[in-house]
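Asks: These protein sequences, in sequence, are chains A and B. Note that this note's numbering numbers the first sequence so that position 88 is 802, with each residue one more than the last. Note that this note's numbering numbers the second sequence so that position 5 is -2, with each residue one more than the last. For each residue, glycine too, the CB sits at the ideal point set by N, CA and C. If you're wondering where the values come from, they're calculated on a predicted model, not measured in any experiment.
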Amino acid sequence: AQSVAQPEDQVNVAEGNPLTVKCTYSVSGNPYLFWYVQYPNRGLQFLLKYITGDNLVKGSYGFEAEFNKSQTSFHLKKPSALVSDSALYFCAVRGTNQAGTALIFGKGTTLSVSS
Amino acid sequence: GAGVSQSPRYKVAKRGQDVALRCDPISGHVSLFWYQQALGQGPEFLTYFQNEAQLDKSGLPSDRFFAERPEGSVSTLKIQRTQQEDSAVYLCASSLTGVGNTEAFFGQGTRLTVV
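#1: Compare the C-alpha of G(-4)(B) against each of A728(A), Y753(A) and L758(A) and name the closest.
#2: According to DSSP, is V741(A) helix, strand or coil?
#3: What does the Cβ neighbour count give for G743(A), buried or exposed, with the cut at 16 atoms within 10 Å?
#4: Based on Cα-Cα distance, which residue from A60(B), T103(B) and R57(B) lies nearest to Q30(B)?
#5: Per the DSSP calculation, T69(B) is bridged to which residue(s)?
#6: Report yes if the CB atom of L817(A) is closer than 8 Å to the CB atom of A806(A), and no otherwise.
#7: Quick check: the segment 723 to 739 of chain A against the segment 4 to 23 of chain B, are at least 3 beta-carbon pairs closer than 8 Å?
#8: Leaving out five residues on either side along the sequence, give the residues of the same chain with a beta carbon under 6 Å from the beta carbon of A13(B).
#9: So is the beta-carbon of G820(A) under 7 Å away from any non-hydrogen atom of the ligand GTP?
#10: Step through the CB atoms of chain A and report whether any lies within less than 8 Å of the CB of N44(B).
#11: Does L758(A) get closer than 8 Å to chain B when you measure Cβ to Cβ?
#12: Alpha carbon to alpha carbon, how far is G773(A) from R808(A)? Give it in angstroms, no decimals.
#13: With H, G and I counted as helix, E and B as strand and the rest as coil, what does DSSP make of E96(B)?
#14: With L84(B) and Y3(B) assumed to form a contact (beta carbons below 8 Å), what rounded beta-carbon distance in angstroms separates them?
#15: Out of Q43(B), Q76(B) and G65(B), state which residue places its alpha-carbon closest to the alpha-carbon of F58(B).
#16: Starting from D799(A), trace the beta strand (DSSP E) both ways and give me its first and last residue.
#17: Check the DSSP bridge columns for V108(B) and list the partner residues they point to.
#18: Thinking C-beta only, is Y753(A) closer than 8 Å to P745(A)?
#19: In its own chain, which residues sit with a C-beta less than 7 Å from the C-beta of Y750(A), not counting the 5 before and 5 after it?
#20: Would you mind giving the Cβ-Cβ distance between G65(B) and N44(B), rounded to the nearest angstrom? I have them listed as a contact below 8 Å.
#21: Kindly say whether L817(A), judged by its beta-carbon, lies nearer than 8 Å to any beta-carbon of chain B.
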């Protein structure tokens, strides 16, 4: 069965500092991995995805994520955090042998960036 | 349309009442998903359509939940005889293809409160 773990309920970081939001996954076969962000009273917004190829993927708003197959991880990173990055972040996975089926989401990590 | 549109945005139902939630996906998108998001949790998969075909309904929690997409565009999620545990945000998402590496775009959700 597919699953996603986001081990931190909350991450706190000061503005201008680098941030990391952790994600590990379990899936049969190779994974498709996604990060989404959710602002209050808003739907989920797509940030970036890993399909194949370069392990470092770049996405919206200066975010990037690093795929590590041996550690089954896909951590979200940003070199310099902004207060406006404060939101709820979700990691999601879909197995490549399960085309067309649903993304499985983690429980989410609240990112709080202080000024 | 420009994005996924859901209506109503908020719904209060008395226990035992039937409700219908509507989703207008992005025009031309083949795949449509319904998710249930409880407070403080990640989205939980309910059901998936490819065009008008419901390919996966394994996440529907009971036979009180029913979804349809008769013409392969607009979808309706119906909940019969609502219970308090049905209170949640119901998210609809669509994606361009049925291929697993395609990201899904989410609507703002319908917040259902059963009293």
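Replies: The relevant details are as follows:
#1: L758(A)
#2: coil
#3: exposed
#4: T103(B)
#5: R15(B) and E61(B)
#6: yes
#7: no
#8: T69 and K71
#9: This structure does not include the ligand GTP; it has no bound ligands of any sort.
#10: no
#11: yes
#12: 18 Å
#13: coil
#14: The pair is not a contact, with the Cβ atoms about 14 Å apart (cut-off 8 Å).
#15: Q76(B)
#16: Counting along the chain, D799(A) falls outside any beta strand (DSSP E), and DSSP gives it neither H nor E.
#17: The partner list for V108(B) (beta bridge, DSSP) is empty, contrary to what the question assumes.
#18: no
#19: L758, Q759, F760, L761, F804 and A806
#20: 4 Å
#21: yes
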